[in-house]
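Below: the structure, in structure tokens.
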């Protein structure tokens with residue numbers, strides 16, 4: 028993939044323990060495919076589950092994938108990560124996964140994903156969710172929050188659309 | 028305060044922008060008082076709002092307060108922080124606020140608090156919430172999550188009780 | 028120890044693998060004793076070697092010790108750490124050890140200590156060295172650098188003196 | 028640039044305040060050119076001075092550049108950074124710059140560079156230096172340390188050679 032000025036980076040967040048034959052795995056895989064088809068770069072935490080599925084989808088469409096890893100070594104990265112960024116920060120690297128995206132797509136997700144959702148809202152990143160956590164603010168602090176999508180295609184087009192003014 | 032082996036550290040998380048005359052400010056203040064009365068150490072992010080109110084309450088009861096700051100300097104700390112830990116990590120320090128507590132009490136809170144709730148669940152810290160975010164897992168990943176308390180007294184006694192086996 | 032406004036925090040940095048019967052261990056132990064005698068708080072990385080020796084010395088003089096740990100758990104801390112701050116950041120926590128001190132004392136030290144020396148110079152912390160790395164700037168960027176001390180007593184008095192205007 | 032399995036990443040470290048007409052700027056620029064000519068990816072802190080010069084050289088040879096930024100925003104990156112990784116960690120990101128390289132080349136450098144040299148030695152990264160800090164271990168802890176190069180060409184070939192067994 029040729030890196031051009033003005034390419035977009037989309038961060039995909041979600042749990043690392045997802046069965047390869049699950050609907051969630053396929054959903055993340057389709058998100059990855061759609062990111063690459065729209066010649067955006069995929070950023071993720073670089074591990075298994077949703078991250079692996081999304082990277083795999085992106086690579087099958089000739090995309091570029093970046094994995095921001097919790098470890099100090101690259102070994103933990105899934106096989107579809109092109110650019111490995113080992114941080115040695117453990118779960119503190121979750122903030123970096125969010126910061127590197129012009130928009131964030133949450134697919135399913137466990138508690139680590141919840142930290143990333145919090146960071147996406149904190150840094151005002153466009154945040155699209157599919158089958159993910161439902162967040163109810165106690166007070167009406169935020170009018171906007173997670174934008175719900177019903178398909179991988181919709182999630183990616185919303186992510187690109189919502190981030191257009193931020194880049 | 029005399030530091031003894033076996034003291035407990037309770038992390039209080041919540042938003043930094045809370046009116047001093049609000050119910051939330053008083054609630055956090057009462058949480059701080061109760062932490063000190065139970066001779067536990069209060070840990071927080073060291074800034075204003077809920078953090079300030081809790082530190083203030085703890086100090087009025089002769090407690091010890093620790094503020095893990097986002098900045099590289101100590102100047103941003105509220106006036107009731109005894110031990111200032113400047114991290115220079117910005118919001119990435121939220122993970123440290125959670126890790127330093129034997130239990131975590133969330134009072135109200137904005138999006139930064141949501142990252143801390145995620146970290147508390149990730150690291151299996153006992154997590155007590157008062158007037159805070161409602162989190163609905165998409166799947167039944169976790170049977171336990173935020174334990175709801177109705178008063179400052181209840182929140183602190185739950186925090187101490189729940190953390191008793193972890194220390 | 029009673030925490031008063033205006034107490035000072037002195038960070039002690041040095042290697043974690045030092046023989047307990049070595050001169051270096053005793054030197055760090057004496058540094059810790061002198062920090063406590065001057066009612067300053069000792070901050071360190073919380074592990075073994077120089078960190079353990081310094082904490083041990085401070086505790087034997089009734090001082091207060093803070094250990095900023097690389098791990099997510101408190102278990103790795105040496106037995107003389109009062110306040111354990113687990114960071115989960117690995118060696119990235121070295122920056123925090125330096126930031127939390129009004130001055131920094133380097134005793135001996137391995138390569139991790141070199142990162143802390145770099146951070147102390149970066150953040151303009153008074154930096155006192157005993158038997159530690161010799162740093163030769165390639166260009167005359169800095170007129171000041173590591174202030175050499177010949178004894179634990181001298182190192183601590185220099186640290187307190189040099190940090191007097193920064194607090 | 029086409030990302031292939033087995034590409035190498037070389038981290039270039041050095042000060043951010045270097046005159047554009049200085050020998051150091053040209054040296055870093057030549058290092059960047061040589062990294063790209065050897066189809067390795069250039070990793071750096073993404074800012075000015077040595078980082079800018081190296082990225083510029085790499086881009087003029089059609090290389091790929093990664094900038095691991097201290098800020099939460101991408102705005103601070105120099106104009107020759109392809110992939111911007113905003114960390115929001117300030118100088119704590121120095122550890123990440125080192126971890127992302129299969130080898131590290133230090134060109135000149137100020138105190139931040141000293142932290143990166145310490146991290147390179149800590150993580151046993153091949154470390155090549157040109158006109159940079161002289162480090163004298165107090166004890167013979169390490170037989171190896173900074174490998175000195177006399178030219179940009181030599182520095183890059185040493186970096187590739189030394190990292191060949193680590194990948």
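Residue numbers (our numbering), protein chains in the order written: chain A, 28 to 194; chain G, 28 to 194; chain U, 28 to 194; chain H, 28 to 194.
Note that the Cβ used here is the ideal one computed from N, Cα and C, for glycine as well.
Determine which residues share a DSSP beta bridge with residue i and list them.
{"i": "residue 36 of chain A", "result": "A/68"}
{"i": "residue 113 of chain G", "result": "G/96"}
{"i": "residue 132 of chain U", "result": "U/39 and U/155"}
{"i": "residue 175 of chain A", "result": "A/156"}
{"i": "residue 162 of chain G", "result": "A/162"}
CA-CA distance, residue i and residue j?
{"i": "residue 90 of chain A", "j": "residue 109 of chain H", "result": "15 Å"}
{"i": "residue 153 of chain G", "j": "residue 67 of chain G", "result": "15 Å"}
{"i": "residue 113 of chain A", "j": "residue 80 of chain U", "result": "33 Å"}
{"i": "residue 104 of chain A", "j": "residue 136 of chain A", "result": "18 Å"}
{"i": "residue 73 of chain U", "j": "residue 55 of chain A", "result": "41 Å"}
{"i": "residue 186 of chain U", "j": "residue 144 of chain U", "result": "14 Å"}
{"i": "residue 162 of chain A", "j": "residue 190 of chain H", "result": "46 Å"}
{"i": "residue 102 of chain A", "j": "residue 184 of chain G", "result": "44 Å"}
{"i": "residue 52 of chain U", "j": "residue 77 of chain U", "result": "6 Å"}
{"i": "residue 148 of chain U", "j": "residue 148 of chain H", "result": "18 Å"}
{"i": "residue 178 of chain H", "j": "residue 48 of chain H", "result": "18 Å"}
{"i": "residue 188 of chain U", "j": "residue 116 of chain H", "result": "31 Å"}
Taking residue i and residue j to be in contact with their CB atoms under 8 Å, please state how far apart those CB atoms are, rounded to whole angstroms.
{"i": "residue 123 of chain A", "j": "residue 150 of chain A", "result": "The pair is not a contact, with the Cβ atoms about 11 Å apart (cut-off 8 Å)."}
{"i": "residue 87 of chain H", "j": "residue 111 of chain H", "result": "In fact, because the Cβ distance is near 19 Å, the residues do not count as touching under 8 Å."}
Closer than 8 Å, CB to CB, is residue i near chain U or not?
{"i": "residue 117 of chain G", "result": "no"}
{"i": "residue 149 of chain H", "result": "yes"}
{"i": "residue 127 of chain G", "result": "yes"}
{"i": "residue 93 of chain G", "result": "yes"}
Can a CB atom of chain G be found closer than 8 Å to the CB of residue i?
{"i": "residue 138 of chain H", "result": "no"}
{"i": "residue 112 of chain A", "result": "no"}
{"i": "residue 78 of chain A", "result": "no"}
{"i": "residue 123 of chain U", "result": "yes"}
{"i": "residue 99 of chain H", "result": "yes"}
{"i": "residue 141 of chain A", "result": "yes"}
For residue i, I'd like the list of residues in its chain whose CB is within less than 6 Å of its CB, leaving aside the five on either flank, ordered along the chain.
{"i": "residue 156 of chain H", "result": "133, 173 and 175"}
{"i": "residue 70 of chain U", "result": "36, 38, 93, 127 and 128"}
{"i": "residue 146 of chain H", "result": "122 and 125"}
Given residue i, which residues of its chain have a CB within under 8 Å of its CB, disregarding the five upstream and five downstream residues?
{"i": "residue 118 of chain H", "result": "97, 139 and 142"}
{"i": "residue 85 of chain A", "result": "59, 60, 62, 63, 69, 91, 92 and 107"}
{"i": "residue 34 of chain A", "result": "66, 67 and 68"}
{"i": "residue 75 of chain A", "result": "43, 44, 45 and 105"}
{"i": "residue 95 of chain H", "result": "70, 71, 72, 73, 112, 114, 120, 123, 124 and 127"}
{"i": "residue 159 of chain A", "result": "41, 133, 134, 135, 136, 140, 144 and 173"}
{"i": "residue 180 of chain H", "result": "57 and 61"}
Excluding the 5 residues flanking residue i on each side, which residues of the same chain have their C-beta closer than 7 Å to its C-beta?
{"i": "residue 182 of chain H", "result": "58, 132, 155, 157 and 176"}
{"i": "residue 28 of chain G", "result": "In this predicted model, residue 28 of chain G has a pLDDT of only 44, less than 50, meaning its place in the structure is not dependable enough to derive any value."}
{"i": "residue 50 of chain G", "result": "none"}
{"i": "residue 83 of chain U", "result": "56, 59 and 107"}
{"i": "residue 100 of chain A", "result": "113"}
Any Cβ of chain A within less than 8 Å of the Cβ of residue i?
{"i": "residue 145 of chain G", "result": "yes"}
{"i": "residue 74 of chain G", "result": "no"}
{"i": "residue 187 of chain G", "result": "no"}
{"i": "residue 162 of chain G", "result": "yes"}
Flag residue i as yes if its beta-carbon sits less than 8 Å from any beta-carbon of chain H, otherwise no.
{"i": "residue 193 of chain U", "result": "Because the pLDDT of residue 193 of chain U is 48, which lies under 50, any placement of that residue in the model is unreliable, and the number read from its coordinates should be weighed accordingly. By this cut-off, residue 193 of chain U is not an interface position."}
Along chain D, in chain order, which residues have C-beta atoms closer than 9 Å to that of residue i?
{"i": "residue 175 of chain G", "result": "This model lacks chain D altogether; the protein chains it does include are A, G, U and H."}
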